[in-house]
Amino acid sequence: MGLSYILRRLLVMIPVFFLVVTAVFFMIRFAPGGPFSSEKKVPPQVLKNLEAKYHMDEPLVQQYFRYLGDLSRFDLGPSFKHSNRTVNEIIAEALPVSMELGLIALCWALLIGITAGGLAALKPNTLYDYIPMSLSIMGICLPTFVIGPLLVLVFGLWLGWLPVAGWNSWQDRLLPSLTLGFAYAAYISRLTRGGFMEIRHQDFIRTARAKGLTETQILTKHALRGGILPVVSYLGPALAGIITGALVTETIFNIPGLGRFFIESALNRDYTMVMGTSLLYFSLIFLCNFLVDIIYVVLDPRVRYE
Amino acid sequence: MSDSLWKDAWHRLLKNKLAVFGGSFLIFELIICLLTPWIAPYGFETQNLELTLAKPSLSHWFGTDSLGRDLFTRILYGGRISMTVGILASLVSVIVGVIYGAVSGFVGGKTDNLLMRIVDILYALPFIFLVIILMVYFGRNILLLFLALGLTQWLTMARIVRGQVISLKHKEFVEAAKSLGVTTRTIILKHLIPNALGPVIVYLTLTVPSVILEEAFLSFLGLGVQAPMASWGTLISSGVEVMEIAPGVLFFPALMLSLTLFSLNFLGDGLRDALDPKGARD
Amino acid sequence: MPLSPAQSAVPQVLNLGNGGEPKDLDPHITTGVPEFHILMNLLEGLVSKDPKTLAPIPGVAESWKTSKDGLTYTFKLRKNAKWSNGNAVTAQDFIFSWVRLLTAETASEYAYQAFYIKNGKAFNEGKIKNPNQLGLKAVDPYTLEVKLENPTPFFLSLLFHHSLYPVHQATIEKFGSRWTRPENFVGNGAFVLSKWEINKVVSLKPNPHYWDKETVKLTEANFFPIDKHETEEKMFRAKNLHTVDDLPLEKLPVWQKDNSGVFKNHPYLGTYYYWFNCTKAPLNNKKVRQALSLAIDRDRIVRFVTRGGQIPATMFTPPGTGGFQPQSRLPKDGSQIAKAKQLLKEAGFPDGKGLPTIEILYNTSDNHKKIAEAIQHMWKENIGISAILFNQEWKVYLDNQHSKNYMVSRAGWIADYNDPNTFLDMFVSNGGNNHSGYSNTAYDQLIESAKKERNTTKRFAIFQKAEDILLEDLPVMPIYIYSRNYLLSNEVQGWHPNIEDIHPLKYISIATK
Numbered sequence: 008m009g010l011s012y013i014l015r016r017l018l019v020m021i022p023v024f025f026l027v028v029t030a031v032f033f034m035i036r037f038a039p040g041g042p043f044s045s046e047k048k049v050p051p052q053v054l055k056n057l058e059a060k061y062h063m064d065e066p067l068v069q070q071y072f073r074y075l076g077d078l079s080r081f082d083l084g085p086s087f088k089h090s091n092r093t094v095n096e097i098i099a100e101a102l103p104v105s106m107e108l109g110l111i112a113l114c115w116a117l118l119i120g121i122t123a124g125g126l127a128a129l130k131p132n133t134l135y136d137y138i139p140m141s142l143s144i145m146g147i148c149l150p151t152f153v154i155g156p157l158l159v160l161v162f163g164l165w166l167g168w169l170p171v172a173g174w175n176s177w178q179d180r181l182l183p184s185l186t187l188g189f190a191y192a193a194y195i196s197r198l199t200r201g202g203f204m205e206i207r208h209q210d211f212i213r214t215a216r217a218k219g220l221t222e223t224q225i226l227t228k229h230a231l232r233g234g235i236l237p238v239v240s241y242l243g244p245a246l247a248g249i250i251t252g253a254l255v256t257e258t259i260f261n262i263p264g265l266g267r268f269f270i271e272s273a274l275n276r277d278y279t280m281v282m283g284t285s286l287l288y289f290s291l292i293f294l295c296n297f298l299v300d301i302i303y304v305v306l307d308p309r310v311r312y313e
Numbered sequence: 003m004s005d006s007l008w009k010d011a012w013h014r015l016l017k018n019k020l021a022v023f024g025g026s027f028l029i030f031e032l033i034i035c036l037l038t039p040w041i042a043p044y045g046f047e048t049q050n051l052e053l054t055l056a057k058p059s060l061s062h063w064f065g066t067d068s069l070g071r072d073l074f075t076r077i078l079y080g081g082r083i084s085m086t087v088g089i090l091a092s093l094v095s096v097i098v099g100v101i102y103g104a105v106s107g108f109v110g111g112k113t114d115n116l117l118m119r120i121v122d123i124l125y126a127l128p129f130i131f132l133v134i135i136l137m138v139y140f141g142r143n144i145l146l147l148f149l150a151l152g153l154t155q156w157l158t159m160a161r162i163v164r165g166q167v168i169s170l171k172h173k174e175f176v177e178a179a180k181s182l183g184v185t186t187r188t189i190i191l192k193h194l195i196p197n198a199l200g201p202v203i204v205y206l207t208l209t210v211p212s213v214i215l216e217e218a219f220l221s222f223l224g225l226g227v228q229a230p231m232a233s234w235g236t237l238i239s240s241g242v243e244v245m246e247i248a249p250g251v252l253f254f255p256a257l258m259l260s261l262t263l264f265s266l267n268f269l270g271d272g273l274r275d276a277l278d279p280k281g282a283r284d
Numbered sequence: 093m094p095l096s097p098a099q100s101a102v103p104q105v106l107n108l109g110n111g112g113e114p115k116d117l118d119p120h121i122t123t124g125v126p127e128f129h130i131l132m133n134l135l136e137g138l139v140s141k142d143p144k145t146l147a148p149i150p151g152v153a154e155s156w157k158t159s160k161d162g163l164t165y166t167f168k169l170r171k172n173a174k175w176s177n178g179n180a181v182t183a184q185d186f187i188f189s190w191v192r193l194l195t196a197e198t199a200s201e202y203a204y205q206a207f208y209i210k211n212g213k214a215f216n217e218g219k220i221k222n223p224n225q226l227g228l229k230a231v232d233p234y235t236l237e238v239k240l241e242n243p244t245p246f247f248l249s250l251l252f253h254h255s256l257y258p259v260h261q262a263t264i265e266k267f268g269s270r271w272t273r274p275e276n277f278v279g280n281g282a283f284v285l286s287k288w289e290i291n292k293v294v295s296l297k298p299n300p301h302y303w304d305k306e307t308v309k310l311t312e313a314n315f316f317p318i319d320k321h322e323t324e325e326k327m328f329r330a331k332n333l334h335t336v337d338d339l340p341l342e343k344l345p346v347w348q349k350d351n352s353g354v355f356k357n358h359p360y361l362g363t364y365y366y367w368f369n370c371t372k373a374p375l376n377n378k379k380v381r382q383a384l385s386l387a388i389d390r391d392r393i394v395r396f397v398t399r400g401g402q403i404p405a406t407m408f409t410p411p412g413t414g415g416f417q418p419q420s421r422l423p424k425d426g427s428q429i430a431k432a433k434q435l436l437k438e439a440g441f442p443d444g445k446g447l448p449t450i451e452i453l454y455n456t457s458d459n460h461k462k463i464a465e466a467i468q469h470m471w472k473e474n475i476g477i478s479a480i481l482f483n484q485e486w487k488v489y490l491d492n493q494h495s496k497n498y499m500v501s502r503a504g505w506i507a508d509y510n511d512p513n514t515f516l517d518m519f520v521s522n523g524g525n526n527h528s529g530y531s532n533t534a535y536d537q538l539i540e541s542a543k544k545e546r547n548t549t550k551r552f553a554i555f556q557k558a559e560d561i562l563l564e565d566l567p568v569m570p571i572y573i574y575s576r577n578y579l580l581s582n583e584v585q586g587w588h589p590n591i592e593d594i595h596p597l598k599y600i601s602i603a604t605k
């Protein structure tokens, strides 16, 4: 692998990005309902006025090229729902919040997940295995929309130690990041344990064992690199998901992040916002998977990119 | 793997007590699900508005929900849906994901690049619109539900398998098979996929609960089971609303889901160990 | 800030849960309730409302006169009314605002609130180009004369609606659609916009130029957009909020038992109902519709399902709308099952035999689901009719409802203004919001004649006749009259629960309990 690989990979992104823009642009127009349909039906004349205001009276292809033109200037257009803000402004305001929440949550997830999974793999079929793995199953069965309110109830209301919602002080960060991180921790711990168990039997570990290294040494020196591969694969989409997919956590804790816009914009048929969030998500996924592929090579030198 | 290897694996599985327990519990659950219409004490839609959110009692083992319906009955019926959804949608994701990932990882080069970029694009398509549009054309078809759920899950599965295959394909036994002139198809099916099964099984045991819970989100869009029928996912999400008033309405469906997952994981771990011939030599 | 001793004791900061994130704070663009809650404090119309009695009280206009024929209103504006930048509020400001509301390019969804003004509709539709032909005239800077199409008895009440508030011309011309950003905003209300972070908070500070600033006690008001009622309720319990916008359905019984006085419950000007699609069999048969309506027990629905003090809807217009008390024409409970069965038999479906499965469409929500489940159960138990439920995501549901692609569909109507007309003119033939395909010329004529009638007693008699026709034909099945259920901290003073749910902040203060 070298610089040329990285360059090629980045160059590939341009046509792929273009494909995503086209696919999403036309796809969302096929869904029933539009940005202006509302419970009190808008009179036909007003609807015409509204459509003219947002250039929606033009033929779809013309709108598409208009969008491409705006996009080439990095202008994602005005939001239909939040009518005095542009999509750029909304993303600029909400993305940092989501990044912060997502990264703290990811730290929790990795810390808890790898520790628990490693512990379990080190002493399989003992209490060190059963307890963390049972907790992880609980973590998977109790989705965010259960964990969040539960944590709020216990730490926010009954004990009164932490705020129940909001995004101002550092205390506000604790419960939501734990809530969000918990689900990911559960996944990571299972993947870590699985990865380690897998690699324990492989030849180079046997060699190491034959050389008389202790299990702990083997685990930290050798197994960690190979055993963590499935976790790394999972982390690519997970990182993008944890930054953008915090909708439930954000609503429960009333956090002004980007996650809510993913669902909200789709439900409102806020076309420009849907485009903006989809393109952002695609870029994140692309970058994360790219990083993962590089980490692969670093962790496992046998992997080559021809 | 030859027949005898499968047989060995089966014997190893039977020796694993936890796996046997997990497997038996799942089979027991499947039988209960099949028999639900005959053993459920009430109708899943039978309301008793005078007895809402009742505590567990002799006549209502798990209590009642906010329309006075028997929770035990509703969990039994919900299990039918959630088990079906969990199994079928996971199967879709495993079959598509494993084959796709294995081909991509093994063939490598331009093909790999192309296949993985398609995955990237599919990740980016707004899922809600995909479902809404599919529903416009196919209605609220139950097959669409499995398809929609499988669609979201196979992508990550494909990436995991691909990663695994890439790290395996330069190993001696694969190189040896290649030099012996074994076809690509055979190498993928007989050597690479079985050796990548470990992470696949682990990820699969994670997929089942996530599709079961995701089904609740699809029912928000109108796809999936229609009220008054409920799945475990929808039962859990409506349980959250009454968490402080009637904890049982949340606790019992969550408990059933957890028990199922425990069994599934025991079975999954057992299967992985049993299928791993290297592990057996320890 | 220097505070008087009395004030310094308690910080005069009010924190409110306000439902959804405001779409905008331009009174000609917004359509929602959360926006209205904020706007009524940022801008002031000609006429305000008494927070207790809801009677029209002077706003920017200190007095007004109505001509004998009820077609001309003359408003005398107070000379000390100021914009937050110190400019005077003049009659010209109102003319600019209302012309803007009616201009096609503004694309205001509430333009029809100005259709009562002479030539308003024609101007909006482009049939008249010159705004001078509208029934608006600035006699002098402080006298505004308004000519109407019809004598509109609720015109004064309409003036409290945000679409008819004034906006500041120079600011709008300078900043365009960005004039509603805190750094640009100029208003004439008791408060000004000081902060607006998306999905986080909208903050207001007192307007130093407001003509009645002595009345204002609060030094700050924060509107928190909170989508989830559960979150709001928890924030209230943690004392982060003084009031919540709404309560989770499942929490109502708990708060109803609470006797600390924070739980508020009162009727609200809105009706929850089901549309019947009158264009398709079998619901084009009046007897089937009547049978379905008789077969539900509205009383049990409000007592056991919605449980929030709602009123069983035995009429369509909420009792007390604009002073109108409609007669009960539908059974409150399931006491007329026999009649329902009889009607079903007459329609050719004895015991529901031969009747296709009824499909109930609703937009996804736990509350709508529970109500639909209860009604489905009642139809089955009481008259043997089977129904299935369909939930759809909001926009898909609207699309199907508006294109009459349904059999039975859930709906709700909240008053635009406090007058029965807002409820009853919905059902005229081909009305924009009549989604049932219902058409009855006698009904249309009644609604038309009510527009011209100035005598309240006679007018209400006309509305009663319209109600009677409606409840006989039943293009809709009224289920219950909405109620408001919320929490209000005992520290909040000057907040009066009322049917329109209007609580201007200028009268509100915080006291120690």
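For the protein sequence lines, the chains are A, B and C, in the order given.
Residues are numbered in my numbering as their position in the first sequence, beginning at 1, plus a constant of 7.
Residues are numbered in my numbering as their position in the second sequence, beginning at 1, plus a constant of 2.
Residues are numbered in my numbering as their position in the third sequence, beginning at 1, plus a constant of 92.
Backbone N, C-alpha and C define an ideal beta-carbon position, used for all residues, glycine too.
Values in this document were obtained by computation on a predicted structure and should not be read as measured data.
Where residue i meets chain A, residues with beta-carbon distance less than 7 Å
i	result
Y204(C)	P50
Rounded separation between residue i and residue j - CA only
i	j	result
F128(C)	N296(A)	45 Å
L220(A)	I206(A)	16 Å
Y489(C)	F552(C)	34 Å
L55(B)	T66(B)	5 Å
P537(C)	F416(C)	For clarity, residue 537(C) is Gln in the given sequence; the question names Pro instead. Taking the straight line from one Cα to the other gives about 19 Å.
R161(B)	V96(B)	12 Å
L332(A)	G25(B)	Because chain A here runs from 8 to 313, residue 332(A) falls outside it and cannot be looked at.
Integer Cβ distance of residue i from residue j, believed to fall under 8 Å
i	j	result
L117(C)	G281(C)	Not confirmed; about 11 Å, so no contact.
G90(C)	N369(C)	What is shown of chain C runs 93 to 605, which leaves residue 90(C) out entirely.
M204(A)	A128(A)	5 Å
A1(B)	S239(B)	Here chain B has residues from 3 to 284 only, and residue 1(B) is not among them.
I452(C)	L481(C)	5 Å
Any chain B beta carbon closer than 7 Å to residue i
i	result
R197(A)	yes
C148(A)	yes
A273(A)	yes
R170(C)	no
Check: residue i C-beta below 6 Å from any heavy atom of the ligand NAP
i	result
K378(C)	As far as ligands go, the structure on display features none, and thus does not contain the ligand NAP.
Proximity test, Cβ basis, 7 Å: residue i and chain C
i	result
V244(B)	yes
A229(B)	yes
E313(A)	Bear in mind that the predicted position of E313(A) carries a pLDDT of just 37, short of 50, making it unreliable; the figure below should be weighed with that in mind. Taking Cβ atoms only, chain C never reaches closer than 7 Å to E313(A), which makes this a no.
Min CB distance residue i to chain A below 7 Å
i	result
M3(B)	At M3(B) the pLDDT is 48, less than 50, meaning the model places this residue with poor confidence; the figure from the coordinates comes in the next sentence. It does not; no Cβ of chain A falls within 7 Å.
E201(C)	yes
L490(C)	yes
Neighbouring residues, chain B, relative to residue i (Cβ below 9 Å)
i	result
L246(A)	Per Cβ cutoff of 9 Å: no residues; L246(A) is ~12 Å from chain B at best.
F482(C)	R142, G224, Q228
Under 9 Å by beta carbon: chain C residues contacting residue i
i	result
P186(A)	Reading off the sequence, residue 186(A) comes out as Thr, not Pro. The contacting residues do not exist; T186(A) stays about 13 Å from chain C at best.
Partner residues on chain C for residue i, Cβ-Cβ distance less than 7 Å
i	result
T54(B)	F396
Validate contact between the region 77–89 of chain B and the region 501–509 of chain C using beta carbons, cut 8 Å, 3 pairs | The region 77–89 of chain B is not in contact with the region 501–509 of chain C.
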